[in-house]
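Numbering (the working numbering), first residue to last: 62 to 119. Quick reminder that beta carbons are idealized off the backbone N, C-alpha and C, glycines included. What follows is one structure encoded as structure tokens, with my remarks underneath.
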Amino acid sequence: MKILVMGGTRFVGKPLVAQLLAEGHALTLFTRGKNPVPAGVEHLCGDRSSAEGLAALA
């Protein structure tokens, strides 16, 4: 399954991403780019609190 995770590099998101990858899902992380992204995921950089940041999802 293809899954978009908002965040995914800290707190709850980090173990969630690890579990989803272990289950074989195709992941895309949408982050501000301040923390390293795990191997094996697609990464989109932007800020979800602004319309311009969300444009990366379009």
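task = Only counting runs of 3 or more residues, tell me where the beta strand (DSSP E) segments fall wholly within the stretch 63 to 90, in order along the chain.
result = 63 to 67
Straight-line Cα distance separating Val-78 from Val-102: 9 angstroms
From Pro-97 to Phe-91, what distance separates their C-alpha atoms? 12 angstroms
### Query
Just the Cα atoms here: how many angstroms apart are Ala-83 and Ser-110?
30 angstroms
Beta-carbon within less than 6 angstroms of Ala-87's beta-carbon, same chain only, minus the 5 sequence neighbours each way: which residues are those? Lys-63
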